[in-house]
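Here is the structure we will look at, set down as structure tokens.
Residue numbers (my numbering): 1269 to 1863.
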């Protein structure tokens, strides 16, 4: 078996030619495999399974999920207009060529159909031994659970389909309740966990494990216990709230289930925090940066791997997000709101209204800022050959330099290499004054080469955060802080000591920073129901090295806070709309509120 790094699509024939007996019409098409060929060939069965994993996608598409939240901004595509680029959750239905495709109704159901087809055929497969067959069944329960988790996370209750419908079959069916869907996903995870191994061999890296199934269950139950789904009164006048949340029930029991699910992963004693005891803040920052460009970590629970020489479904994170002064695209650039939420190294909040902070905004901050974000003056990799003479040291330049021209007796403004007005590429690059560093391999020239940085769907730190959140909501604050402070120690940050509402806020910020760009924030701000507050106009910074009175240029920048994109929130964006095509095909569907 091969590590899952790429996928081959199998075309299954769905019928036979019957109207003619001529030999040439009875031949098997050269670009397809018949049903019998697939399900009686071990290699083709494995390839079919590999292809179902493809439905999970990955997070390294050109438009990352961070751009749908208050983490980042895509500098091209549907939100390129920085003055009127209103962010709308429903825009996701229009961005089907990117990450959001793996959450769009019809695309996900196509992949669910593939898992259902597997279950209808696998028992008749005669070329697999019992152990392999059971492992494959476990994998497909995991994949199907993950696919339904994606659907339910953005639509609420959806039709639970467990058979592979064929052409001409009637498949109209109503949406199941949100509660029924959560139970189905949790049950699928349990079925998967019972059949999957605790670890996979190196040759099978990337395939689901027992830990992956239990971790997905923990995430699903955590989301389900959250504010958004508890008696959703925000959808005033909506008659079918059972589709978007629980109608009553024991909410404390839901938090207990979420806590138990996370603890089950912890108690496996297989996973651990990466480099949990750094000697210094600098060590903590380096450890984190190294982890996100490494191919393996003790935190890895479910991972998608890539090979640089393959297309890998568009995975080219360095080129998509690196600074334009390196001939990269600067695609999903961090917002000022995210950068400002990285604390000071003593655990206090950063504030632009603090004169000391504003004068030197990137000094003395949370170690994770330096591993995650490229800002004005940050050290980065060596410049490309055609740029190195302009910057031999590899220092990020998102600022502007005021210089005195004695010949014209005027002030001239020189744009930095990594600005949209710079001399390298003035059509790409950041509006916010920041670039992403997390996931960016400094050893790879991303202009020409893909990195082999894997996409981590689920890692151990998320499980610790999930456990802590459940404990907080059960009033078990000491237990919650015990696990939160493990994560803080790994970042060389001081312990969290707050209680009550203050602890909730510290937890939410810790999760925001620790899981930045890892496809958590989009869901977190919704399930916590803080989206109306955080979906404000996107901010950035404009660093300027001003002209001194003696007409020399200042050595330190002055920072101006700027708005780079207009954004708004409306409550219907808690869920995506079901597309009209799907409503027309299935008249039993009920639309989500507000659409």
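Every residue gets a Cβ at the ideal spot worked out from N, C-alpha and C, and that includes glycine.
Residues near residue i in its chain [Cβ-Cβ closer than 6 angstroms; skip 5 each side]
i	result
residue 1490	1526 and 1734
residue 1459	1409
residue 1862	1840
residue 1519	1498
residue 1364	Annotation note: pLDDT 38 at residue 1364 (below 50); position unreliable, coordinate value reported separately. Within the same chain, residue 1364 has close Cβ partners 1372.
residue 1786	none
residue 1718	1576 and 1584
residue 1320	1382, 1383 and 1411
residue 1725	1570
residue 1683	1668, 1689 and 1690
residue 1741	1523
residue 1828	1810
residue 1721	1561, 1707 and 1709
Below-7 angstroms beta-carbon distance, residue i vs any chain D residue
i	result
residue 1754	Looking for chain D here will not work: only one protein chain is present.
Reduced DSSP secondary structure (H/G/I, E/B, other) of residue i
i	result
residue 1512	coil
residue 1342	strand
residue 1458	helix
residue 1559	helix
residue 1800	helix
residue 1517	coil
residue 1477	coil
residue 1591	coil
residue 1741	helix
residue 1335	helix
residue 1372	coil
residue 1498	strand
residue 1551	helix
residue 1602	strand
residue 1579	coil
residue 1487	helix
residue 1304	helix
residue 1534	helix
residue 1568	strand
residue 1466	coil
residue 1851	helix
residue 1608	helix
residue 1452	helix
residue 1754	helix
residue 1859	coil
residue 1319	helix
residue 1503	coil
residue 1327	coil
residue 1541	coil
Residues near residue i in its chain [Cβ-Cβ closer than 7 angstroms; skip 5 each side]
i	result
residue 1610	1618, 1633, 1634, 1636, 1637 and 1781
residue 1804	1835
residue 1792	1779
residue 1412	1380, 1383 and 1456
residue 1614	1762
residue 1337	1789, 1790 and 1793
residue 1825	1644, 1667, 1811, 1812 and 1813
residue 1479	1466, 1533, 1536, 1538, 1539 and 1569
residue 1385	1432
residue 1856	1440, 1441 and 1442
Supposed close pair residue i, residue j - CB separation, criterion 8 angstroms
i	j	result
residue 1343	residue 1696	7 angstroms
residue 1496	residue 1403	With a Cβ gap of about 36 angstroms, residue 1496 and residue 1403 do not count as contacting.
residue 1475	residue 1605	Not really, about 38 angstroms apart at Cβ, beyond 8 angstroms.
residue 1642	residue 1341	Not quite, the Cβ-Cβ distance comes to about 15 angstroms (not below 8 angstroms), so this is no contact.
Close Cβ partners of residue i (< 8 angstroms) along its chain, the five nearest in sequence each way excluded
i	result
residue 1423	1373, 1843, 1844, 1846 and 1860
residue 1596	1586, 1587, 1588, 1589, 1590, 1696, 1714 and 1715
residue 1428	1416, 1444, 1448, 1449 and 1452
residue 1291	Confidence at residue 1291 is low in this model, with a pLDDT of 45, below 50, so the placement of that residue should be treated as unreliable; the coordinate-derived value is given next. Taken in chain order, the list of residues that qualify is empty.
Residue i CB to nearest heavy atom of the ligand GDP below 6 angstroms
i	result
residue 1629	Among the components of this structure there are no ligands whatsoever, and the ligand GDP is therefore not found.
Segment contact, 8 angstroms Cβ cut-off, at least three pairs: the segment 1753-1761 with the segment 1543-1552
yes
Pair every Cβ in the segment 1656-1673 with every Cβ in the segment 1759-1777, then say whether three or more of these pairs are closer than 8 angstroms.
no
Mind listing, in chain order, the continuous beta strand (DSSP E) runs of no fewer than 3 residues lying wholly within the segment 1676-1739?
1678-1683 and 1723-1727
Fully enclosed by the segment 1761-1845, which alpha helix (DSSP H) runs are 4 residues long or longer?
1768-1782, 1789-1795 and 1799-1802
Could you name each continuous alpha helix (DSSP H) segment of 4 residues or more that falls completely within the segment 1613-1684, going from the start of the chain to the end?
1623-1627 and 1635-1640
Report the residue ranges of all alpha helix (DSSP H) runs contained in full by the segment 1375-1436; include only those spanning at least 4 residues, in chain order.
1398-1423
Below 8 angstroms, how does it come out for the segment 1511-1530 and the segment 1438-1457: are there three or more Cβ pairs, yes or no?
yes
Using a Cβ distance threshold of 8 angstroms, determine whether the segment 1471-1488 contacts the segment 1518-1538, with at least three qualifying pairs required.
yes
Is it true that the segment 1562-1580 meets the segment 1663-1682, where meeting means three or more beta-carbon pairs spaced less than 8 angstroms apart?
no
Taking 8 angstroms as the cut-off, does the segment 1813-1823 touch the segment 1387-1399 (at least 3 CB pairs, one atom from each stretch)?
no
Between the segment 1308-1326 and the segment 1695-1709, can you find at least three pairs of beta-carbon atoms closer than 8 angstroms?
no
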